[in-house]
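J.:
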Amino acid sequence: MRNQKTKWGSCSSTGTLGLNWRLMQAPPAIVDYIVVHELAHLREMNHSEAFWEIVGEFDPEWEQHRAWLREHSAELVFSEADL
């Protein structure tokens, strides 16, 4: 878990996964989407069509989850400590 202000998760070329601690504030389905997204990078280190097919295999509603995150990310990112 990390304190990242611009990323929800990351996957290094060595396979190390990182997650933003602020995900604890998100609904479980959104957390699952981020975990699936980062795990998919273990097979495809890009955002190609093949990557999104992997994500869709494990999260058929990934597009809605991605849209939710875009719409609500400011609510998760900003706390009183950030202001």
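Its first residue numbered 51, the sequence shown is counted upward by one per residue in our numbering.
We put the beta carbon where it would ideally sit given N, CA and C, even for glycine.
1. When DSSP labels each residue in this structure, what does L69 get in the three-state scheme?
2. Using a threshold of 9 Å, state whether the C-beta atoms of L69 and W58 are closer than that.
3. I need the straight-line Cα distance from E121 to G106, nearest angstrom please.
4. Does DSSP classify S123 as helix, strand or coil?
5. Could you check the C-alpha separation between F108 and Y83 for me, to the nearest Å?
6. Could you give the residue range of the beta strand (DSSP E) that holds A60?
7. In the DSSP assignment, the alpha helix (DSSP H) including P78 goes from what residue to what residue?
8. Quick test of your reading: E94 and S60, contact by CB under 8 Å. State the CB separation rounded to the nearest angstrom.
T.: Reading from the atomic positions:
1. By 1-based counting over the sequence shown, the position of residue 69 is 19. In this structure, L69 counts as strand in the three-state DSSP scheme.
2. Along the sequence shown, read from residue 1 onward, the residue named residue 69 stands at position 19. Along the sequence shown, read from residue 1 onward, the residue named residue 58 stands at position 8. Yes, they are a contact pair.
3. The residue given as residue 121 occupies position 71 in the sequence shown. The residue given as residue 106 occupies position 56 in the sequence shown. Approximately 20 Å between the Cα atoms of the pair.
4. If you number the sequence shown from 1, residue 123 lands on position 73. Three-state DSSP puts S123 in a helix.
5. Here residue 108 is taken as the residue at index 58 of the sequence shown, counted from 1. Here residue 83 is taken as the residue at index 33 of the sequence shown, counted from 1. Roughly 9 Å between the two C-alpha positions.
6. Here residue 60 refers to the residue found at position 10 of the sequence shown. Residue 60 is actually Ser in this sequence, not Ala. Looking at the DSSP string, the run of the beta strand (DSSP E) that includes S60 is G59 to C61.
7. Here residue 78 refers to the residue found at position 28 when the sequence shown is read from its first residue. P78 -> alpha helix (DSSP H) spans P78 to A90.
8. Taking the sequence shown and counting its residues from 1, one reaches residue 94 at position 44. Taking the sequence shown and counting its residues from 1, one reaches residue 60 at position 10. Rounded, the Cβ-Cβ distance is 15 Å, inconsistent with contact.
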